[in-house]
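Residue numbers (the UniProt record's numbering): 1 to 145.
Down below is the structure, laid out as C-alpha cells.
This is the structure:
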C-alpha cells in the first residue's frame, strides 16, 4: 500500500535537524538565501545603536549584490584621499558606507529595488530564538542549554 506523496510517513519524514533545504525565493539578496531555520519560542528585543550599526555594516559588506557599490565607495574615497592606508579605508567604510549608499539611493543613482530597501537599514526590533538549525546541525544559545 502506497500513500500520497504529501502524507508524511517514517520513510518520507525529513531528518531531525533538517534546515529546510533550498526553499528560498529567487528575488532575495544572496545574504538572505542561506538555508536554515529558527527553532524554539521567539522573543522580541530592541537593538541598541551599536548592534544596529554592526548588523547594517555586516549585511552591506557581505552581500554580493552590494560589492560593486562598495568598490565604488572605496574608489571615490581613495580619489579624495589618495594616501589613506588600507586600515583607514576600512574604518571609513565602516563609518560612512551606509550613509553614502542611502544618499545614492535617495538621489536616484541606484535603480535596484532590493538595494534601495536595504539602504534604509535594519529594524530596531529583533526577533530572537533559542536555537538555529543549519547544515544539519542545531546551535543553541547558552541560556537554552
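Built from N, CA and C at the ideal position, the CB exists for glycine as well.
Keep in mind the model is a prediction, meaning the values are calculated, not measured.
For the beta strand (DSSP E) containing residue i, list its first residue and its last residue.
{"i": "residue 87", "result": "No beta strand (DSSP E) contains residue 87, which is instead part of the alpha helix (DSSP H) from 86 to 106."}
{"i": "residue 54", "result": "Premise fails: residue 54 lies in the alpha helix (DSSP H), 49 to 62, not in any beta strand (DSSP E)."}
{"i": "residue 142", "result": "Segment: none, residue 142 is in no beta strand (DSSP E) and carries neither H nor E."}
Could you compute how far the alpha carbon of residue i sits from the alpha carbon of residue j?
{"i": "residue 27", "j": "residue 92", "result": "30 Å"}
{"i": "residue 38", "j": "residue 44", "result": "14 Å"}
{"i": "residue 134", "j": "residue 140", "result": "11 Å"}
{"i": "residue 34", "j": "residue 63", "result": "12 Å"}
{"i": "residue 97", "j": "residue 67", "result": "12 Å"}
{"i": "residue 111", "j": "residue 42", "result": "35 Å"}
{"i": "residue 116", "j": "residue 108", "result": "9 Å"}
{"i": "residue 90", "j": "residue 143", "result": "35 Å"}
Please confirm whether residue i and residue j have their CB atoms less than 8 Å apart.
{"i": "residue 60", "j": "residue 126", "result": "no"}
{"i": "residue 65", "j": "residue 29", "result": "yes"}
{"i": "residue 137", "j": "residue 40", "result": "no"}
Which residue marks the beginning of the alpha helix (DSSP H) containing residue i, and which one marks its end?
{"i": "residue 118", "result": "113 to 118"}
{"i": "residue 69", "result": "67 to 80"}
Quick one, which of the options has its alpha-carbon nearest residue i's?
{"i": "residue 36", "options": "141, 142, 131 and 144", "result": "131"}
{"i": "residue 94", "options": "138, 55, 137 and 114", "result": "55"}
{"i": "residue 121", "options": "105, 73 and 76", "result": "105"}
{"i": "residue 49", "options": "84, 123, 143 and 142", "result": "123"}
Closer than 6 Å by C-beta to residue i: which residues in its own chain qualify, once you throw out the five before and the five after it? Chain order, please.
{"i": "residue 119", "result": "101, 102 and 105"}
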